[in-house]
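A.B. asks: Each residue of the sequence shown is one higher than the one before, starting from 13 at the first, in this note's numbering.
All C-beta atoms, glycine included, are put in the ideal place defined by N, C-alpha and C.
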Amino acid sequence: MGAYLNERGRRILKALDEVSAAHRVKPAAVALAWLMRGPLSQHQLRAQPSVEQLADFVSAARLKLSRDDVEALNTASAY
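Structure (structure tokens):
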């Protein structure tokens with residue numbers, strides 16, 4: 013975990029928090045929606061979510077990220 017909690021990781025977490033607050037969903041739903049919108053969307057997400065986590069998957073499927081949302085997330089995650 014420590015390898016990811018660097019400056020870039022903190023930027024990503026901040027952007028996830030901001031976008032999730034704007035949409036009133038959990039950051040996990042934003043992260044999943046962002047992944048589903050990006051180039052990884054062609055690949056299967058191999059996960060076995062718990063019942064509690066399933067709500068985040070449903071929220072992510074329904075979430076419509078704006079261009080500004082995606083740009084903020086992409087900018088935050090840039091190297």
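Tell me which residues share the same chain as A43 and place their Cβ nearer than 7 angstroms to its Cβ, disregarding the 5 neighbours each side in the sequence.
C.D. replies: Excluding residues within five positions, the ones whose Cβ falls inside 7 angstroms are L28.
A.B. asks: Quick check on the DSSP output: the alpha helix (DSSP H) that includes Q17 runs from which residue to which?
C.D. replies: It is worth fixing the name first, because residue 17 is Leu in this sequence and not Gln. Where L17 is concerned, there is no enclosing alpha helix (DSSP H), given that its DSSP letter is neither H nor E.
A.B. asks: Kindly indicate which three-state DSSP category K38 falls into: helix, strand or coil?
C.D. replies: DSSP places K38 in coil when its eight states are reduced to three.
A.B. asks: What three-state label does DSSP hand K26 in the structure shown?
C.D. replies: Helix at K26.
A.B. asks: Can you give the Cα-Cα distance for F69 and A41, rounded to whole angstroms?
C.D. replies: When rounded, the distance between both Cα atoms is 6 angstroms.
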